[in-house]
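The opening residue of the sequence shown carries number 2 in this note's numbering; numbering runs sequentially from there. Ideal Cβ placement from N, Cα and C applies to all residues, glycine included. Inspection log for the structure reproduced underneath, given as structure tokens.
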Amino acid sequence: SKLDWTIRSGLIFVLCVLLIILPAIAIFYFSGLSPLLIFSFFCFMALPFIVVFVDILISPLVLFQKNKIVNHAKKIVQSNKQNGLITIGITGSFGKTSMKNVLVNISGEKYKIFTFHGNINTDIGTSRYLIKHQERISKANILISEMGAYKKGDIKKLCDIVNPDYSITTSIGESHLERFGSFKNIVSAKFELANATKKKIFLNICDENIKKYSDLKIDNNIEVIKVCGNKEVKNMRYLENFAGISFEYSGQIFKTKIIADYIIDFSIIAFKIANELKLNISEMKTGFEKMDFVPHRLEVIKNKKLNRTVIDDSYNGNYAGFLIGLDILNRSNGRKIVLTPGIVELGKKRSKEIHFCLSEKYAENVDLTLLVKNKNTDFIVDKFKKIGYNSFKIYKTVKEAHSDLANVLKNGDTIIFQNDITDNYL
């Protein structure tokens, strides 16, 4: 794809070139070709260090520019909040985008919604998007923002920009554990949103970690609404052939093409927020039933001609999400197949433990496991061999695996893609 030059990357490139070219010209002019060749070799070997040096050199300028952008975005949000804009923040180790999808569809039946394209959920990304779309924000009634994090403090920075009236925490798991350093840090980071909320805090206490830590980690005096959606609905059932889920709530039957149980937990939270926003049950139902799949998150793709089903969960990269995918795969009547490279950013020790557990789950539930080779799949293969599970195949690349699917799949099969990590992890 085309390289997207940022101001920072462009400045680093220009300064690196100047740091190499100007001394090279001087050396050639005063000392000749041989010293120039030696200098060129030195620069080639030292290039990574030169890039890091330049990045450090410009860091005060980068920080100044970043603060300027973030402060501009804060003013945009604050100005629109004074004119009635309602802000909602969503965080969680997984489920942020699915939660946003439910909320946007339901609240969109009555209000104009502003939200963020794709996976924009960092402070600088959020700020630039807000500045770029000021006119759209001025016409919106509600702003909904996902809030991601790689370390403590990331979500707090986003809250300083968005200033959330309402907040939703969907889950707490081990995603990005390697970057956070500890599970304790993940827990603290996720509750930064709740502690910055201005009106009401909504927690999905179907998630055991949210249930366990919420009373300990929330020091905000704002009202906390604890929701476990599965306990508030009746007559939940799976529709045949991965056609979705239906359930009864508030005297109404709700149907959706979404296939994961957690859609119920997220939906009930969305309904409760919709009550806050004065939507009636009819508006909620209409918006809910318009909801489509979020791409690459348990997205069902059917080949009716060959009677094959693909469940694309390639954006999911956490253990809890993998288990949800396997539960869904077990609804299949035909062969059950998994294609995966495993899970990343767990740290070596935790990665081994998680992938050993995952191997046992695959051996118990899956007819054929297709692995894209990397350091994580070595753990899976080792465990497969120990427990005597031989129904697996290893590929060197994702491309090789996908190219072979035509030879592997048979009529009636269901295959789930679990995770689609980038090449730097392979």
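Going by DSSP, name the residue or residues bridged to residue i.
{"i": "Gly90", "result": "Ser146, Ser168"}
{"i": "Gly245", "result": "Leu240"}
{"i": "Thr341", "result": "Leu372"}
{"i": "Asp314", "result": "Gln419"}
{"i": "Tyr250", "result": "Gln253"}
{"i": "Tyr396", "result": "Val373"}
Just verifying my parser: in three-state terms, what is the DSSP assignment at residue i?
{"i": "Met237", "result": "strand"}
{"i": "Glu224", "result": "strand"}
{"i": "Asn391", "result": "coil"}
{"i": "Asn210", "result": "helix"}
{"i": "Arg309", "result": "strand"}
{"i": "Asn425", "result": "Unreliable positioning characterises Asn425 in this predicted model, as indicated by a pLDDT of 44, which lies under 50. A coordinate reading is not provided."}
{"i": "Leu347", "result": "coil"}
{"i": "Asn205", "result": "strand"}
{"i": "Tyr151", "result": "coil"}
{"i": "Leu410", "result": "coil"}
{"i": "Pro296", "result": "coil"}
{"i": "Phe95", "result": "coil"}
{"i": "Asp5", "result": "coil"}
{"i": "Glu175", "result": "coil"}
{"i": "Lys219", "result": "This sequence places Ile at residue 219; Lys is not what is there. The answer is coil: DSSP assigns Ile219 none of H, G, I, E or B."}
Taking 6 Å as the limit between beta carbons, can you name the residues of its chain near residue i, skipping five residues before and five after?
{"i": "Leu204", "result": "Thr170, Ile211, Ser215, Lys227"}
{"i": "Val225", "result": "Ile202"}
{"i": "Ile206", "result": "Lys212, Lys227, Cys229"}
What residue range is occupied by the uninterrupted beta strand (DSSP E) comprising residue i?
{"i": "Gly288", "result": "Per DSSP, Gly288 belongs to no beta strand (DSSP E); it is in the alpha helix (DSSP H), 282 to 290."}
{"i": "Thr415", "result": "415 to 419"}
{"i": "Asn443", "result": "The question about residue 443 has no answer here: the residues shown for the chain are numbered 2 through 427."}
{"i": "Lys256", "result": "253 to 257"}
{"i": "Phe115", "result": "114 to 116"}
Going by C-alpha to C-alpha distance, which of the options sits closest to residue i?
{"i": "Ile87", "options": "Ser60, Asp421, Leu278, Tyr130", "result": "Leu278"}
{"i": "Ile162", "options": "Asn106, Asn231, Asn81", "result": "Asn81"}
{"i": "Pro49", "options": "Cys17, Lys69, Gly413, Asn304", "result": "Cys17"}
{"i": "Val345", "options": "Phe42, His177, Ile156", "result": "His177"}
{"i": "Ile91", "options": "Ser183, Ile202, Gly11", "result": "Ile202"}
{"i": "Ser360", "options": "Pro61, Lys97, Asn377, Met100", "result": "Asn377"}
{"i": "Glu110", "options": "Gly343, Val409, Asn420, Asn276", "result": "Asn276"}
{"i": "Glu241", "options": "Ile254, Ser392, Gln253, Lys258", "result": "Lys258"}
Could you tell me the boundaries of the alpha helix (DSSP H) in which residue i lies?
{"i": "Thr198", "result": "Here Thr198 belongs to no alpha helix (DSSP H), and DSSP marks it neither H nor E."}
{"i": "Gly109", "result": "Counting along the chain, Gly109 falls outside any alpha helix (DSSP H), and DSSP gives it neither H nor E."}
{"i": "Pro61", "result": "34 to 83"}
{"i": "Arg137", "result": "135 to 140"}
{"i": "Lys273", "result": "263 to 277"}
{"i": "Glu179", "result": "178 to 181"}
{"i": "Ile329", "result": "320 to 330"}
Who are the near neighbours of residue i in its chain, counting only those whose CB is closer than 8 Å to its CB and skipping five residues on each side?
{"i": "Ile143", "result": "Leu86, Ile87, Thr88, Ile89, Ser108, Tyr112, Lys113, Ile114, Phe115, Leu278"}
{"i": "Phe40", "result": "Pro24, Ala25, Ile28"}
{"i": "Asn68", "result": "none"}
{"i": "Asp424", "result": "Any reading at Asp424 must be qualified, since the residue scores a pLDDT of 48, below 50, and its modelled position is unreliable; the value itself is stated next. Correct list: empty, nothing qualifies."}
{"i": "Pro165", "result": "Thr88, Ile89, Gly90, Ser146, Leu194, Ala197, Thr198, Lys199"}
{"i": "Val52", "result": "Ile13, Cys17"}
With a CB to CB cut of under 7 Å and the five nearest residues on each side skipped, what residues in its chain are close to residue i?
{"i": "Ile260", "result": "Phe243, Gly245, Ile246, Leu299, Val301, Ile329"}
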